[in-house]
Every structure is written in structure tokens, then in C-alpha cells.
Amino acid sequence: MTNSHHRPKVLLLAEYCDPQGNSVPLVGWNLSQALSYLADIHIVTQYYNRTNFINAGLIEGKDFTVIDTVTNKWVDKSLRWIAEHLRGGANKGWTTVMAFTLLISYYFEQQVWQKFKSQIQHKEFDLVHRITQLSPSIPSLMAKKCDKEGVPFIWGPINGGLPWPKDFDAVRRQENEWLSYIRNAYKFVPAYQSTRKHARAILIGSTCTWQQMDSQYYAKCIYLPENAIAAEQFQAPEVTCKALPLKAVFIGRLVALKGVDMLIEAVHPFVQTGQLQVDIIGDGPERSHLASLVKKYAIESGINFTGAIPHQEIPHRLQESDLFIFPSIKEFGGAVVIEAMACGVVPIVMDYGGPGEIVTNTTGYKIPMAPKDTIIRTLHHTLENILADPQSLITQSHQAVQRVNTLFTWQQKAAMIVQVYDWILGHRPDKPDFGMPLSEIPAAEKTLPHKNIVMPVP
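If you count the sequence shown from 1, you need to add 657 to reach this note's numbering.
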């Protein structure tokens, strides 16, 4: 059906996809809009995204289809209510939520198949690509059905399954991640094996998820992290000199796994001497504990809790900063790290999970995973070296910006994915290889216009 000059026609499954959302829904939206420049896509999403799609200028029936679950809305709401209560409150228990989301996704894809079965059978789409859900724990009922009809099914990027660090089991319990103790149970859910067997290509967002994939499927796997930024929204200011005091920033939920207590423990001597100022942007159940820690060290004048701020203010707050300190102990993605780097802010992250794969030794600092006291000492020593030579940040800042603009924009990500489409559809002989982690080599030559790309929420 296709040739090398033909835009592929893609049925894009994006159960979570919302221009007004955050996290996974916003990934779905931004990726779908970037792909729309290089492929003829038709998005299939949940009914509750309809209004925001229309407000963003998309036409129902032409650009997108919603799966109307209104008649079973009580099932949807009931399952989500159960998941939210089992997780132990907002900002906790993501593994628990994923387990119950699985049931909703099965129903969603069953309805997708009923609606598009005839078009798939008649080869009206060159391929079917599921971009959300992101979790590898949530397989697809569509993979086997598409394969049977001779229409390639692409899955991903998928990312998840990052183990809890062994030295932080108390934090695991605090986060109410009780299902993570039996995480491998998802391998026994319906369609787990068939999704992996029948998908023509699998985009994998992290080395951890790659390692969890059965090696028999590696030939169809491509490493490609799911997060990116809208380049026009995150710009780095021109900086030629760094002087004390340096300004550091943290952005994220104030929950135990983000490690903000370790940040405060590591920075307080430098705040006391006036060498460093810190903004903590975000809110959550740990805020009162963190504030008491700041009070303990009498550094209220040097550490500012801003609370949550409007999303559009994030680039400005980053542009005012020199360092982005993000000691999260379990971060499988790390979109906020990409945002910071795009603004020229040098990151200090844990060398574990997504941030450790985004940051290189030339673009920031990576703290090895270790017991809490060791992390605090290493972070303190890293800051000590930086404060002794603040000018060294300028080169790292420039390289951080270059890495993001080369590899982590939505336009670049869409171009990478279209290379996968070309491979699957026989327009290139070799499987794309972007490096793992992503290499410094530009992945695509096309420069794409910007369209409806929305700033992610940390």
C-alpha cells in the first residue's frame, strides 16, 4: 500500500491523550501532534478527552475517534475509585493504580477493535501504533488481532518496572507500593505474551524495561525514551559568567521517593555560608516535614518553598537557576530533567532510572545509588566541587542544551518513530538504532514546524 514517498496512514491508539493533562496523557498528546506532521494519523482516545480535542482544533471523525464508555461509566469510575483508595491517597501507590488500569484498558481496546475491525481487515491503515498506555504491565489485545489481519502493530514507547532500591524499603512502604512486592504477577495477565509475540516493533523507554523484555524479542525492540520537550517553550538564556551564590532548584511532588530531605541535608552547610540558594517548587505530603528540617538548620532565608506554580511559569523559574538538584530514588521517566537541561540548568540526579539515562557525564552530575547517608555525602561533595569552580557549569550548560535539542524534542522523537515505520513497512533495510542511552548523533535530519505541543507538568 505504501511507497518510500508516501506518508504512512496510522491508527494511533492513545487511550491517555489530553492537551490539558499532565504526565502520560500529555505525552500522548504531544507525541501524536508531532507525528501528525510526518504521517496521516487518526487518534483513538477515551471519551473524556473529546472536549479538549475539539477545543484544540481537531475534528471528530476526521482527526480522532472517541471510545464512548458512557454506558459503562459506572464501571470506569468504580475501578478508578478502588485503585485510588487502595493506593493510600494522592501521589502514592502508582503500581496499584496500574493494576486496576489494566482492566479499563482491556475494555477500551475491545471497543477499538469492534469499531475499526473492518477498516483494519481492509488494510485502510498501513499500521496500528499504541502510544499510551506507557506501562509494560498493560498489554494490548490489538497486537494479535492486527497480526492476524496482516497489519503491523507497533507498541510503545513503554517504560516501567523500575525496581525499588534495596536500601529504601521503608520509603516503598511509605509510598504504599504494596503491589510492587509481587510486580512479576503482571506476566500472567491476559495478552502479556501475545502482545510481545505479535507486535512487529516494540519501542522501549529505558534500559530497565529493556532488560525485563524476553531476549527472544530483542530483534524487534528499539530503545526510545518516551519523554521530550517543546523546544520553543524551553529556551536557555545567554550566560557567560557564574558567580556565588549559585541558585539551585528542585521541581516535583514533595513525596518521600523524590529525596528532597536528602537535598536539604546535603546543601544546608552551603546555604548557611551564603554560597547557595535553593527553590523547592511543588507540593505534597512531605512539605511539613521538609519545612521542619529547614527550620532545624536555621536556613529559612536560603531555602524557599514556593508550593505548586502554574505550568507556564516553569521555564522562567528554570532560567533563573544554575543547578537542578533532583535526587529522586525511583524515577522511570524524568521529563523535568529534560526541561531543566533545555533551559541550560545543569542537573544533579541519581544514576538510576530515567534521569541517569538522560544525563551524561558532560551534561551534568550523576550520584550512584547507595544508602541514604552515602547519597547525602556524595551530593554534598559534588556541590562542594561545583562551588569551588562555578565557571565549570557554563560548558556543561551548553552541552546540556545541545543534547536536548538534538535528541529530546517532540519533533525529533516523531522523526525517530517514523524511521521505525519505514523499517516495518520495508522502506529501509536496517532496524533503526539510536543508541542506548540515546547517542549524541542527531537521529533525524528533518526540521519540523511546531504544532499544538504543550508543556509537560513535572
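Idealized CB from N, CA, C, for every residue including glycine. Remember, predicted model here, so these are calculated numbers, not experimental data.
{"Item": "Gly959 to Gln929 span [Cα, whole Å]", "Value": "8 Å"}
{"Item": "Sequence-distant residues of the same chain with beta carbon closer than 7 Å to Leu914, five excluded per side", "Value": "Val828, Glu832, Ser985, Ile986 and Lys987"}
{"Item": "Residue span of the alpha helix (DSSP H) that contains Lys1029, given as start and end", "Value": "Lys1029 to Ala1045"}
{"Item": "Between the CA atoms of Ile937 and Tyr694 - distance to the nearest angstrom", "Value": "37 Å"}
{"Item": "Arg787 - DSSP class collapsed to helix/strand/coil", "Value": "strand"}
{"Item": "Own chain residues within Cβ distance below 8 Å of Gln1053, not counting five before or after", "Value": "Val1003, Thr1019, Thr1020 and Gly1021"}
{"Item": "Contacts around Ile858, its chain only, beta-carbon distance under 7 Å, and the 5 residues preceding and following it disregarded", "Value": "It should be pointed out that residue 858 corresponds to Ala in this sequence rather than to Ile. Contacts found: Ile811, Lys877, Ile879, Val1077 and Ile1081."}
{"Item": "Sequence ranges, alpha helix (DSSP H) only - wholly within the stretch 839 to 917, length at least 4", "Value": "849 to 855 and 864 to 869"}
{"Item": "Nonlocal neighbours in the same chain, by C-beta distance under 8 Å from Gln1048, ignoring five residues either side", "Value": "Cys898 and Lys899"}
{"Item": "Run of the beta strand (DSSP E) containing Gly1001, from where it starts to where it stops", "Value": "From DSSP, Gly1001 is part of no beta strand (DSSP E); its letter is neither H nor E."}
{"Item": "Chain-order list of residues whose beta-carbon lies under 6 Å from that of Phe710 (same chain, five-residue window excluded)", "Value": "Phe721"}
{"Item": "Pro972, enclosing alpha helix (DSSP H) - first and last residue", "Value": "Ile971 to Gln976"}
{"Item": "Close Cβ partners of Met919 (< 6 Å) along its chain, the five nearest in sequence each way excluded", "Value": "Pro984, Ile1032 and Ile1033"}
{"Item": "According to DSSP, residues forming a beta bridge with Gly964", "Value": "Ile938"}
{"Item": "CB-CB length for Leu1036 against Ala923, believed under 8 Å", "Value": "4 Å"}
{"Item": "Thr702: first and last residue of the uninterrupted beta strand (DSSP E) it sits in", "Value": "Asp697 to Gln703"}
{"Item": "Which of helix, strand or coil DSSP assigns to Trp812", "Value": "strand"}
{"Item": "Between the CA atoms of Phe981 and Pro665 - distance to the nearest angstrom", "Value": "40 Å"}
{"Item": "Residue(s) in a DSSP beta bridge with Thr1020", "Value": "Bridge partners of Thr1020: none, in fact."}
{"Item": "Residue from Pro793, Glu996, Arg974 and Ile908 with nearest C-alpha to Ala885", "Value": "Glu996"}
{"Item": "For Gln768, the nearest candidate out of Phe782, Asp783 and Leu798 (CA to CA)", "Value": "Leu798"}
{"Item": "C-beta atoms of Lys1029 and Asp824 nearer than 8 Å", "Value": "yes"}
{"Item": "Residue-chain proximity (Lys774, chain C), Cβ-Cβ < 8 Å", "Value": "Protein chains in the displayed structure number just one, and chain C is not present."}
{"Item": "Buried versus exposed call for Leu901 [16 or more other C-beta atoms within 10 Å across all chains shown]", "Value": "exposed"}
{"Item": "In DSSP terms, what Thr1066 is bridged to", "Value": "Ile886"}
{"Item": "Span of the alpha helix (DSSP H), counted from its first residue to its last, around Ala691", "Value": "Ser680 to Leu692"}
{"Item": "Opening and closing residue of the beta strand (DSSP E) in which Ile982 lies", "Value": "Leu980 to Phe983"}
{"Item": "Rounded Cβ spacing between Gln776 and Phe782 (contact assumed at less than 8 Å)", "Value": "7 Å"}
{"Item": "Simplified DSSP state of Thr930, which is helix, strand or coil", "Value": "coil"}
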